[in-house]
Structure formats: structure tokens, C-alpha cells
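Numbering (our numbering), first residue to last: 11 to 468.
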DNA sequence: TGAAATGTTGGGGCG
DNA sequence: ACGCCCCAACATTTC
């Protein structure tokens, strides 16, 4: 008997850990440990999504004659206990690169034969390095090196039938309210991928930044929990590329592949520089004096900064556990640059709120926008929330959806409602400053303040 | 994966 | 017809 220890690979298709466990012979016991460390996190939506995913995985396993064994506790105790109970020869698991996962796996490796296999990313951090084996810290050379590596092999198919399990308590999955915005599971993930490949991918380069269109894949929650493998996504994109004749689909497919590479870049940064979770990557920013303002932070978190595109994004996040990527950048820039609040406050809020919350990608994104990270946005790159709103939500559909108080505001004023004359406010049925807040801060003033603060860090 | 400030150009109005 | 001015549109520089 071998254990398939499931962590961030909640799928049967293209699963190297599962396939390796099967290939080792004598049957497989699928196990998920509800880590106490994980269970106590405040990320309720992400946990609900995970539990929903576990129920669906259990269903898929039962349909193949197996089941999912769930244990609550510390993996360093639960895995060895289970391994002893089923007399396991080996434990197979997909390698994860967070500092916590590395420590945990190293401890367990001392107790039993834990075989770590690759699957979280297409090219693991140690395989994408400079010729002298040092890690890349800038995206473009990283992506060039990544693209120059051999293409991944084709995906592994889902096993049709699995062995029955030895007598064991199966363990229960906590009941939580479902996350209505995202159904969990491999089947849903594959449906979303196929829909995306047929439709939005073809105009991805032009539409991915548009807030008022469904221009993105919305696959991030599935990718985070491995309900879909990055290799399956990459191979699907490559297949599309061989079909494409026009320049634009090629451009779009490449833009989408680039997003996969960004994800792998930040996994690599976290692997090689785990201190980024605690401090700025750029040393000189470690002494930066951020502003302390609980009231500004709360206004940002709750979507009442008075800047519609910022507030719409923050409300979308609270309501659905997901936010359009362009708006992640806009809201993050507003916190770090306009409010000069420590990006780590934003990082924590996003981790708490996002269904797809991923340590590496989230930290990388925040450090990038704050200008403190690898390959960071230059300090002077400050988003203007009015211009960004006009550019990426030109129809106003996104703002009207998430800020119903502005529903009847004419497009002319929608991105800067404080400019609306009293009569127009009356007609639109909104009193700015009462029904919807005035701007927390004047952007032009904040822009100058951010430039001078950041300039002192050069 | 920025935006503001500043510079340049060219067409049209006008004396 | 000509030169001047205005300014929009675009380009470049700067932060």
C-alpha cells in the first residue's frame, strides 16, 4: 500500500503524485490532512472552497471504488500514524515551495519515505536559474529562460478504477456555507478552462484588463488548489497556438502563457527568498516609514475611499472572494502609494479575503506594486484611479454593478462622482458625501506626497 | 502592467 | 496669399 498525500493537488487528472503512487503498485490510499495551522486561518471563503473541493474529490474517488481519508491535526503526527495503520511502503506528494511546507516535509522525510514529485509548477524553482545557478530576480530574463526549457510532457490521464481501501475511519469534511461565486472541483475547473479556450482566450490580449467584460479565465482558485494542473493549462494553450493563424490569437495566447510564467516566477522568488514574507525584498525599503491610519485602512478594506474603481474592487473582493487582476493592481497602488500604508496590511487583507489567495503570487504582486520587490514597479509608477477607471471600465458596467448607489450616475461623472453638480446628483438620486463618500484624499496631492516619500528611499 | 509635465507639429481661423 | 496665433494631437521627458 502507498499513500497519496493530497495537499494542493485536488485532482485525479494529470496528477503526478497519484500516478506515481499507483505505479509503485499494491494500491493507493488517498489522504488529506486538515492541518490545524490551516483550519485556524481567518480565510473563511478559501476554506469553504477547499472543503467543497474535498467533497467533490471524495465523490470522484468513491465513483472509482476508493474514498478520501480525512484527518484533522498535525501532519507530522497524522501521516506517520496513517502510514503505520495501512502498512504503507511510501508516501507520495506534490512538492510545495512555501517555507512552512518545506519545513513540514523535511521533518516528515526524516520519519518515513516521503516521495516529493513535481506538479505545482511546470518548471520547479531549482530548474529555472541563471547559468551560475543563482536565481533570477527579474521577470523578463526568468521568462526567457523558462520558455527556453523543454516543453512539458503530455498530461497524465485520470485513473478509471482505484483499489478499495483497508478498513479505516474515513473522517468528515467540515460543513461550511458554499461560496456561490465559485463551485469547487475538477469538473468545474475543466469546464471553465474549455469555455475560456473557446472564447475569451482569443481576445485575451485586448480584453484581459477590461473590468466590464469577462476577459479573464477566472481559473486562479482552481489553480491554487490544483483542481487543474498548470501543465494542462499550458498544453491546452500550446495546442491552441498551433491552430491559430492570425497574429492576434497568437499574441493573446502568449499573453496568457505569460501569466502562468508570472505565477512560476513568484513561486521561484518565494523559494529562493523566503524572507519576502516578512520584509521588503529591496533592503532599502525595510526602514520605510509607512503611514499608520486605521481609519484609512478600514475605508480601503470596506470599499469607501470615494474612488469608485477602488471601492468597486474592494467590494467585489468582500462579496465574492475574487477580484479582477487589473483592480488588484489599482486597489494595491491606492493603499501603498496614495495612502502610503504598509503593503503588508494589504497583503494580509487579500490573503484573508481571496479564494485564490496564494502566498507566493500575492506577496509578489504586492511587493511589485509597492515597488519594494523583485522586478518592482518603479517608485514613480502610481495609478490614477480616475484614469484607470475610465480606461478599463469605459462602459461603467463594473462600477455600477459593485456600487449600486452610483447606478444612475451618468458615465461622464461615474469615475469621479465628486465632480458632479448638485442638480446632476439630485437627478441621479445620490448625494455625494452622504450616500457615497467624498474622496478620502485628493489624488493629485497624494501623488506628490508619494513621489517625495519614495524619492527619499532612492 | 503609469501619469504628469513639457515639447513639437500641423491644420485652421483670422487679420 | 501670407504670417501669426491657437490648440489639439501626438511625442518625449521627467518624476
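The beta carbon of each residue, even a glycine, is placed where N, CA and C say it ideally should be.
Since this is a predicted model, take the numbers as computed values, not measurements.
- Residue 54 and residue 417 have their C-alpha atoms roughly 30 Å apart.
- Judged by DSSP secondary structure, residue 248 falls within the alpha helix (DSSP H) whose first and last residues are 240 to 253.
- Between residue 76 and residue 172 the beta-carbon gap is near 4 Å, inside 8 Å, which marks them as a contact.
- The Cβ atoms of residue 375 and residue 325 lie no closer than 9 Å to each other.
- Within the DSSP secondary-structure output, residue 145 pairs in a beta bridge with 139.
- When the alpha-carbon of residue 211 is set against those of 354, 229 and 197, the nearest one is in 229.
- Taken atom to atom, the span from the alpha-carbon of residue 273 to that of residue 370 is near 8 Å.
- Under DSSP, no beta-bridge partner is assigned to residue 271.
- Counting only runs of at least 4 residues, the region 361 to 440 fully encloses the following alpha helix (DSSP H) elements, listed from N- to C-terminal order: 369 to 380, 395 to 402, 407 to 412, 421 to 424 and 432 to 438.
- Cβ-Cβ distances below 6 Å link residue 148 to 385 in the same chain, with the five nearest sequence neighbours on each side left out; the list follows chain order.
- Rounded to whole angstroms, the gap between the alpha carbons of residue 278 and residue 447 is 41 Å.
- For residue 438, same chain residues with a beta-carbon under 6 Å away, outside a window of 5 residues either side, are 418 and 419 in chain order.
- Around the Cβ of residue 184, a 10 Å sphere holds fewer than 16 other Cβ atoms; the residue is exposed.
- Pairing residue 83 with residue 46, the inter-Cα distance amounts to about 5 Å.
- Restricting attention to 89, 231, 71 and 444, the CA atom closest to the CA of residue 170 is found in 71.
- Beta-bridge pairing by DSSP links residue 104 to 127.
- Between residue 127 and residue 239 the beta-carbon gap is near 12 Å, outside 8 Å, which marks them as no contact.
- In the three-state reduction of the DSSP assignment, residue 39 falls in the strand class.
- Looking at 13, 161, 157 and 35, the one whose alpha-carbon comes closest to that of residue 90 is 13.
- In the DSSP annotation of this structure, residue 310 is not part of any beta strand (DSSP E); the continuous alpha helix (DSSP H) holding it starts and ends at 304 to 311.
- Residue 433 and residue 150 have their C-alpha atoms spaced approximately 51 Å apart.
- The residue among 330, 361, 323 and 362 with its C-alpha nearest the C-alpha of residue 343 is 323.
- Taking 8 Å as the upper bound for CB-CB distance, residue 121 and residue 67 are not in contact here, some 26 Å apart.
- Fewer than three pairs of CB atoms, one per stretch, sit closer than 8 Å, so the region 155 to 164 makes no contact with the region 30 to 40.
- Residue state for residue 301 is assigned as strand, using DSSP reduced to three classes.
- Ranked by Cα distance from residue 117, the first of 94, 133 and 87 is 87.
- In the structure shown, residue 173 adopts coil according to DSSP, grouped into three states.
- Shown here for residue 290: same chain residues with a beta carbon closer than 6 Å to its own, the five before and five after excluded, namely 296 and 382 in chain order.
- For residue 425 and residue 314, the gap between their C-alpha atoms comes out near 14 Å.
- For a cut-off of 8 Å, the C-beta gap from residue 153 to residue 271 is around 5 Å, short enough to register as a contact.
- Residue 221: not part of any alpha helix (DSSP H); DSSP gives it neither H nor E.
- Boundaries for residue 316: no alpha helix (DSSP H) harbours it, and the DSSP string shows neither H nor E there.
- In this chain, residue 14 is not harboured by any alpha helix (DSSP H); it is covered by the beta strand (DSSP E) spanning 12 to 16.
- Excluding residues up to 5 positions away in sequence, 96 lie with their Cβ nearer than 6 Å to the Cβ of residue 176 in the same chain.
- Straight through space, the alpha carbons of residue 43 and residue 49 are spaced by roughly 10 Å.
- Counting C-beta atoms within 10 angstroms of its own C-beta, residue 27 has 16 or more neighbours from the protein chains shown and is therefore classed as buried.
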